[in-house]
Structure formats: C-alpha cells, structure tokens
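Residue numbers (my numbering), protein chains in the order written: chain A, 1 to 336; chain B, 1001 to 1336.
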C-alpha cells in the first residue's frame, strides 16, 4: 500500500488537527451538533443510498489515485440518486483509517470527493472517523424527488423503448490502458486520456433529470444506472418489471474512439459495452414518442438501443440477424 | 477474533444467499432500486447522523456479543437523533466482512440491530455489503424534526437550568463487571444484571421527545446526549453556546444500586457519573419553570443537576461547598 510510505502520517497529526483539516472540505455549519440538518422541498420524497469501499477490494493504488478514489466514491452515490430521479441534498462520509496513513493521501482523497460534490452542487454534511487496519470509505447520499418523478426499476412495460444516455465501454477501455499500457496503441494520445478519464472520473448523469421533467406528457419512467454494466441494468429492470427486452447490437454504441476495429474487434467491443461496467449512464424505458423527444434533447451520444417485450426473454439481435440471450454475468462477487 | 472460529462462514454461504438472509431483517420493499425512499412529514427538517464501528476498536468479543454490537450501534445513532429532537425515519447499514466470518455472528448482529430498531419504531431501509479484512459497521440514521423543535447545542442561556433525563454511571459499572467480575460483590445479582444491561443494551431517549413537545410555553431547547459522558456533554453545550455552567455534586445521581459506598466510594462515583460515558441520556438546558415541568413529567430518574451561567467557567460545586473545574477528559482518541 503505497499510501503508507510517505513522510507525514495521520497519527503524527492527532485527532483534533485531523478533524480541523477535514472540516475545510465540508459544508459550512457541519461541525457542532450530533447530526446534520437538511430541509427538503415541500412534497418531495427522500432517497437514501449508501456504499462501502475497501482498500484492495474496490480500489488500488495501481489504477486509482487518492483523489480519484474520492471522486469515484462520490460519483457512484450521486449516480444512484440520478438512477432514482433524485437531486442530491448532501452526503455523509465515514472513514476507517490506519494510523500510518499519509496525510497527503487523505488530503487528496477529500479533494477528489469535494471536487465531485461541488461539480454537482452538493457537499459533505457530516461523517465519522475511526481507526482501522484498512482504509474503508462509507458514503451515504441523501436526495429528494417528487414522488411522481421517481424512476423505478419495476415499471417498464412492453412497447417501451430503451434509451441509454451515452455510450458504454469507455470506463472499461480506460481500465485496460491503465493496467496494460501496451493496449490500444492505435488510439490518439487525446483519446487515451479521455478513456482513462472515463474510468477515473465518471460523471453521474444528474444533468438528465431536468430534461426528463420537461417531457410531455409527464410519465412514469422505468430505469436505473449502468454502473454495474449495461447488461446488468437491462436484466435488473426486466426482472423487476416482469418483462423481457430485445436489444439491437447495431445500436449499442461505444465512444467514437473505440469504434475503430484496429483498436477493438467487434465481438470484444460488444462485450465491453454490455459488460464493461462503471459507465454511470442512465438506462431508461419509456414510450417511443417520449424516447425520441428525450434522445433529441440529450444530443447525439444518447440513443435508443432496443425495446421492452412481454415474456422474460432478454436478447441481443446481432448484425447477422440472429438473437443471442443476454448473459447474467456475475459482476463483482464479494463472498463465496 | 472468536467470531472466525465457527462452523459455517459467510464464504460458504455465497453472496446471493447472504443477501437473501439479511433481507429478512430489513424493512419491506428494501430490495430493488438503487436507493431507499422515505416520505418525511410536511414542514419537517431532516436530521442525518452516521457512525463507523470497527472490530477491535469499538467492540470486542470479550465484553460484547454480536447481538449487543448490533443493538449498541443502532442505539447510538438513534440517540444522536434524539439529541437533535428528531424522530427516526430509517437506517442504512453498510458492512465490511471477512469471508471467514461465522454466519451465526452475522445473524446475531442483525438480530440485535433489528431488535433495537423495532423497539423504537424504525427499520433498516438500505445498505451495502463488502469484503474486508476486519468487521466494519457503518450506520447512517435519518430522522425528522419540526425546525422549531430542533434541539441544538448552541442555544443554552445564562439562567437556564440543566436537566438530565436519567442517572449516569450505570454503563461504566456494567463494563467494570464484565471486565473485572470480582468487582462489586456487594451488589445483588439482579443489580449486576441491570448494570451489565445498561452497558450492553443502552436505551436512546426517544421517549423524551413527545414530552418536550408538550412543554408550555413551547421553547427552543439546548442539549445533546451523554453518550461520550455527562461532563463532555456539558462542556460541549457550554462551548457551543458561549456560556459556563455550575453543577451540584449532590444532584448528580447514579443509579440507586451504585449509591451504596460499599460498592463505590463517593469520589469514584462522581468520576463514573461524570466521565463514565455511554449512558445515552439527554442533557437539556431550559428555563427553571419548564425544567420543573419536564422533570415532573419524566419521573424520579430525571433531575436538575445545575444551571447555566455567563462566562466560560464550567464547575462542579462539591458537597464540601468548594468548586472544582470540570475536566475536559479526552474520551476516545482514535489517532495520535
């Protein structure tokens, strides 16, 4: 663990100084009472989502700097809010830290968190610190949504079309470049940086929510985010809604830089876009006319990739005209 | 770690079975979407509070069973809500778990959490599971309070009297019995059980909130809970409010079983009641007439223990008529 071999450790700083240092990164008025106070808008439901990240399990120094660990942790929780149609109200952050942790690591980590939260108009509103043998991050995000604007996995209907708010596979390609730098030599330097960025600094799609609110007529939208992969999102929505889906391979888009067969063979491209994960796009199911309106408003990166059908078959219609079932890849298995 | 040496581990169970097992302990409808949805009452502010507990730092098998770890973790967060005047809406629970953890430990832990939450009319509404080398518990509780009924540390005023909702020192005595069983032989078996219970199953004082709402006239109450000790609570309130306080030693009460000098010498009794910690009572500052009304309504265990003064001196008036400054004991130092 590289983060342990630096000059100054948090043990040298002591608890009071450590807290003072971290309060700089928090919303004003955080310090003081036993809990943080938030005022939701009238008539709004609250959405609460939580994640735990453990050093060596969810992140490693090899591919992720402290600042990126912070950004990604915040982004994942904001994406969970976006996936429910909710706007963030604030985030609590609990950390378990080894006493030998470098102060520098912690500063960078908080900088990454704060940058992400600030980008999306929210802040750290509370938290807890504890000693631990392993760096452990627990984030809870609270958001608000008008009940009829809530996005749910369970309300997809046959006849809905499936919209993705952006391309898939970029984060997976970024990880490949970081772990196997010899990969993708046909990519331009700029494209390599963009793909790495997609892995290190994913963007939760909170910007989609105001556009969804403008759709006419207003409707109940089914959906979730694609952080565990596009295939996983579609399978989860179909399972929760008791429906099936047909995706069109030709419509499932990678970022332009990966559409070059010299970079990525077509079969590999499909694998990465379906199962790569961590792209943080929204996968939404809605009637065709509203879907078209949404895609137009979101711009060229968004597109219709398939439609919901009755039954329980979830299939990909290949360029060869043959259908293949979408696999349930066990993403990240923690236990067993 | 005793919890690792049992027959069946969570690795043997596998992730899907593990999740199914834990969903039994959660509120209905938890499973499914990316976040939990709560509907606060109109006009209410939200209070969010969070704690991280780490095996070997905050709990150990020697004094705390898995069920008690769960109860205490839930109770501490509910007590933080009570300390703000807030009624619980729900709790999220993230766990970091070694793969070799006994399933039995996890079952017992969830049972303890669920028992506590059920006792206080709330439930687990979401969470996350991760592999970790050390058992790590992160709890976030969300509550609601009408803004004018919020209890704050910062609004104590000279002339207010200080009310505690119950005796202090019981949890400390319970810990002593668990760690030094030869201690307190003069106590009856029933009293020993009660004191151990005070340590293992502390009760957040959410029951005080409806009584505070009945006080006439309605008023802005200063206060917090005494989970870090009675002295710490008074010092925190005085610091946040820019005031001092005078406590009367004769009024600071231990539970009846500890008032016997054969069990506890008076000086030790004062130490434990001021600095013992983990009693989860509320320490409230309010005008004398309202304080009297509150004490009457709460019953005999509640009492006035002193009053707020101008300046910044926080002192204890001894039985000998001499004043001693209240010490700022560094409770639990995690770092440095």
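Don't be surprised by glycine CBs; every beta carbon is placed ideally from N, CA and C.
Within chain B, partners of residue i - CB distance below 7 angstroms
i              : result
residue 252(A) : Chain B residues near residue 252(A): none, gap ~22 angstroms exceeds 7 angstroms.
residue 133(A) : 1133 and 1134
residue 160(A) : Those within 7 angstroms of residue 160(A) in chain B number zero; the least Cβ separation is about 17 angstroms.
residue 237(A) : Chain B residues near residue 237(A): none, gap ~10 angstroms exceeds 7 angstroms.
Chain-ordered chain B contacts of residue i [CB-CB under 8 angstroms]
i              : result
residue 360(A) : With chain A covering only 1 through 336, there is no way to say anything about residue 360(A).
residue 86(A)  : 1035
residue 130(A) : 1052, 1053, 1054, 1057, 1058 and 1334
residue 61(A)  : Here the premise fails: no neighbours, minimum Cβ distance about 17 angstroms.
Beta-carbon gap between residue i and residue j smaller than 7 angstroms
i               : j               : result
residue 227(A)  : residue 278(A)  : yes
residue 1272(B) : residue 1172(B) : yes
residue 1014(B) : residue 1088(B) : no
residue 1221(B) : residue 1195(B) : no
residue 1255(B) : residue 1186(B) : no
residue 233(A)  : residue 145(A)  : no
residue 47(A)   : residue 81(A)   : yes
residue 174(A)  : residue 198(A)  : yes
residue 252(A)  : residue 305(A)  : yes
residue 1207(B) : residue 1286(B) : no
residue 54(A)   : residue 1276(B) : no
residue 1121(B) : residue 1067(B) : no
residue 147(A)  : residue 45(A)   : yes
residue 204(A)  : residue 302(A)  : no
residue 1283(B) : residue 1158(B) : no
residue 1114(B) : residue 1049(B) : no
residue 1324(B) : residue 1314(B) : no
residue 231(A)  : residue 274(A)  : yes
residue 1189(B) : residue 1123(B) : no
residue 130(A)  : residue 1052(B) : yes
Per-residue contacts from residue i into chain A (C-beta, under 7 angstroms)
i               : result
residue 1138(B) : 52, 94 and 138
7 angstroms Cβ cutoff, residue i in contact with chain B
i              : result
residue 20(A)  : no
residue 226(A) : no
residue 231(A) : no
residue 320(A) : no
residue 80(A)  : yes
Residues that residue i contacts on chain B, provided the C-beta gap is smaller than 9 angstroms
i              : result
residue 308(A) : The contacting residues do not exist; residue 308(A) stays about 17 angstroms from chain B at best.
Chain A contact for residue i (CB, 7 angstroms cutoff)
i               : result
residue 1049(B) : yes
residue 1068(B) : no
residue 1204(B) : no
residue 1327(B) : no
Neighbour flag for residue i against chain D, beta carbons, 7 angstroms
i              : result
residue 126(A) : Note that chain D does not occur in the displayed structure, where the protein chains are A and B.
Anticipated Cβ contact below 8 angstroms, residue i with residue j, distance rounded
i               : j               : result
residue 1009(B) : residue 1101(B) : 6 angstroms
residue 1098(B) : residue 1135(B) : 7 angstroms
residue 127(A)  : residue 152(A)  : So it is not a contact: roughly 29 angstroms between Cβ atoms.
residue 38(A)   : residue 90(A)   : 6 angstroms
residue 1042(B) : residue 42(A)   : 6 angstroms
residue 1125(B) : residue 1245(B) : Not a contact, Cβ separation roughly 38 angstroms.
residue 1337(B) : residue 1322(B) : Examination of residue 1337(B) is not possible in this model, given that chain B is present from 1001 through 1336 alone.
Distance cut-off 6 angstroms: residue i Cβ against heavy atoms of the ligand MN
i             : result
residue 18(A) : Among the ligands in the structure shown, none appear at all, so the ligand MN cannot be discussed.
Point to revise | Inside the stretch 134-197 of chain A only - alpha helix (DSSP H) runs reaching at least 4 residues | key: 170-179
Practice item. Go through the stretch 1008-1091 of chain B residue by residue and report every complete run of the alpha helix (DSSP H) that reaches 4 residues or more, in order. Key: 1010-1013, 1015-1023 and 1066-1083
Review point. Curious, which full-length beta strand (DSSP E) runs of at least 3 residues does the stretch 290-319 of chain A contain?
Key: 303-309 and 314-317
**Study point:** Secondary structure, alpha helix (DSSP H): runs of 4+ residues fully inside the stretch 1194-1269 of chain B
**Key:** 1208-1214 and 1230-1241
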